[in-house]
Each structure stands twice: as structure tokens, then as C-alpha cells.
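Here the structure is laid out as C-alpha cells; the discussion comes afterwards.
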Ligand code: 3HC
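In the UniProt record's numbering, the protein residues as written are 314 to 614.
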């Protein structure tokens, strides 16, 4: 059955090569999923060769782990690894049919990535973005072909969580959207079409939820009490562990987008900002204790 609002699948284009811009945590997981499910060449890029090499190494390592779990035959392991490559030169994206970006969560950075890609790829190549919160319409607005831009928003861990939010921007055409749904189906995700609104649907809720836990801590509730109070609700992970998984810097960017759009509903935490500025990524250490440096940074308001 066609997902609600999805265009006719006969409009979908074949995807024979994928490009991934970014070689970080999210981008690496995306590249792995694409190569596993589509079995087509996947090329990754980033701002320097070292990041690209680490990205390829991560993907190869994850393929090896799947082989060790008995999920890939030795043949499939070698085939998938050979399909993954890295290139500093965006010319390697020239024959890609579908390129997804998962770079820093900032509009100007993402617009620059798309503008540069447009110099190299064909006019009908889909440009997808894994943005957590930013406007697809605005991201596409300076392109010669904004009709090929779609939001393609995954959830961490990408291999495990089934949902994929597909976002139609103001200029996105039916062929781009149909191709996005076709790819989403091959990736075995549950695709939903969502409106191009700040943080789409899921992050709108998640940001509000996390914001309230952080506000409770800002107001003086100890970390462990605020974080563990929700355990009996049966959540798969506690809010602050989820914050670690998503990355506090990404979470803070989403907070800023939501605060700018709906200041009365989404607050900003100075404590969280201090935590991000200090380069901290974890509240809890490996033994389940609060990092004392984080505790010292957080000042009850
Ligand atoms: N990366 C890759 N795979 C992972 C993983 C990770 N970080 N964590 C767990 N897995 C895999 C395991 O390898 C295992 O796979 P297998 O069955 O093939 O061996 C499987 O997941 C289950 O692992 P576990 O039994 O160890 O773990 P749990 O049952 O405790 O589940 C979880 C782990 C799926 C991460 C679960 O805790 C969960 O769903 N947490 C909530 C995550 C969430 O809400 N994510 C959304 C964040 S918002 C977002 O990403 C959007 C962005 O825009 C901000």
C-alpha cells in the first residue's frame, strides 16, 4: 500500500549510485544502511581525507561485525566492502542518482553543500537532507533545481529504528518524492510524509519532552532524579542517555530552531549551552556515575 500522500511510484527513478556528504556518526550509519539495502556503489565525502578514511573504516568495520554475527556471507561481506569508497573530490558524485547530506546542523552549511553538489551532479539527481529540524524549502531556495530536494530524516540508531520522515519542500516535485519513497522502501523503513515545518513531527515532540527534563534540572532537580524518574514509564532509554546518543550539540541546534519558531513553547537552557560549549557529550560515565565536571558546570537557576 502506498503511504499517505506519496506520489505514484511509477514516477520513481532508479538509484544506481549513492553519495553521502559527511563521514561522521549519522553519515556513517546512513552509508552503511544504503550499501546494505541497495547494494549499489556508495561514495562518501567530508572536509578532509582523514575524516573520509575514518568514515570508510567505520563502515567496513560495521560490515565485518555483521559478518561475525552470521548476517553476511563472506562473498556478500567482500562485495559490500568493495562498493564503499571515499573521495575528497565531489567529482566522484557526478554519476550519483541520490545524494544525502548529514553535515553540521546549520542552514548556511547545508545550503553551501547543496550549491557545491549542484556543480557536479546531473539536473535530476536527488539531493536529500537528513536535517533534524531545518526548512527543506529554505535549504533548496538558492539552487538551480530546487525541485530535486527532499527531506530524508532518520533516527539514531539508523540500523535499528524503523521510522523515516520524508519531507516535501515547497518546490519538491513528484518524481523526487516518488524516488525518495522508493529508496525508503528498499531501505526497509516505515516511511511517512511529513510537512516542512520546524523539526517535522518526531523532533517537535522529542524537543519538548527533553526540554522539560532539562528545565527540571535547571530548576535544581538533581540529574539522577530527573533522568531516572521516568524509568518506570518503560522508555527504551532515559532522557539524558538519549541526549548522549543524539549528541548535545545537535540537540541544542534543534532547540534553537524550535525556540526561534515557537518561543512560547520551547525554551533554551543556558546550562545545556555551557555543556555544549565545554565540548561535553556525556552526562553519565561508563560506570553510571555523573561526570563531576558536568555536575560542576550545571548551575541551578
Ligand atoms: N548503533 C547501532 N546498533 C545499535 C545501537 C547503536 N547505537 N544500539 C543498539 N544497537 C543494536 C544492537 O546491536 C542490537 O542489534 P542486533 O539485534 O542486530 O544484535 C539491537 O540494536 C538491540 O540492541 P540491545 O538489545 O543492546 O539494546 P536495546 O534493546 O536496549 O535497544 C535501542 C537499544 C534501540 C538504542 C533502544 O534503547 C532505543 O530505541 N532507544 C531510543 C532511541 C531513540 O529514541 N532514538 C531517536 C533519537 S532522535 C533522532 O535520532 C533524530 C535526530 O534528528 C535528533
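C-beta atoms are modelled at their ideal positions from N, C-alpha and C, and glycine is treated no differently.
Here's a check: name, in chain order, each residue in its chain whose Cβ is nearer than 8 angstroms to the Cβ of residue 412, leaving out the five neighbours to either side. Within the same chain, residue 412 has close Cβ partners 331, 332, 333, 334, 406, 430, 434, 438, 439, 440 and 441.
Run the CB neighbour count on residue 608, radius 10 Å, all protein chains shown included, and call it buried at 16 or more, exposed below. Residue 608 is exposed by the Cβ-count criterion.
Report yes if the C-beta of residue 441 is less than 7 angstroms from at least one heavy atom of the ligand 3HC; otherwise report no. Residue 441: no, Cβ never under 7 angstroms from the ligand 3HC.
Whole angstroms is fine: what's the gap from residue 482's alpha carbon to residue 509's? Residue 482 and residue 509: Cα-Cα distance of roughly 6 angstroms.
So is the beta-carbon of residue 522 under 7 angstroms away from any non-hydrogen atom of the ligand 3HC? Look at residue 522: its beta carbon is at least 7 angstroms from all of the heavy atoms in the ligand 3HC.
Say the cut is 7 angstroms; is the CB of residue 466 nearer than that to a heavy atom of the ligand 3HC? For residue 466, the shortest separation between its Cβ and any heavy atom of the ligand 3HC lies below 7 angstroms.
Touching or not, the segment 335-352 and the segment 362-372, by the rule of three or more beta carbon pairs under 8 angstroms? Segments in contact, yes.
Between which two residues does the alpha helix (DSSP H) holding residue 493 run? Per DSSP, residue 493 belongs to the alpha helix (DSSP H) from 487-499.
Mind listing, in chain order, the continuous beta strand (DSSP E) runs of no fewer than 3 residues lying wholly within the segment 431-494? Counting only runs of 3 or more, we get 439-442, 462-466 and 476-481.
Cβ shell of residue 614 (< 6 angstroms), same chain only, five flanking positions each side left out: Only residues of its own chain outside the window of five on either side were considered, and among them 531 have a CB closer than 6 angstroms to the CB of residue 614, listed in chain order.
Is residue 589 near the ligand 3HC - that is, is its Cβ less than 7 angstroms away from at least one heavy atom of it? A distance criterion of 7 angstroms places the beta-carbon of residue 589 beyond contact range of the ligand 3HC, judged by its closest non-hydrogen atom.
Which stretch, first to last residue, makes up the beta strand (DSSP E) that contains residue 411? Run containing residue 411: 411-414, per the beta strand (DSSP E) assignment.
When burial is assigned at 16 or more other CB atoms within 10 Å of the CB, is residue 617 buried or exposed? Because residue 617 is not part of the residues shown, which for the chain are 314 to 614, the question remains open.
In or out: residue 556 buried (at least 16 other Cβ within 10 Å) or exposed? Result: buried.
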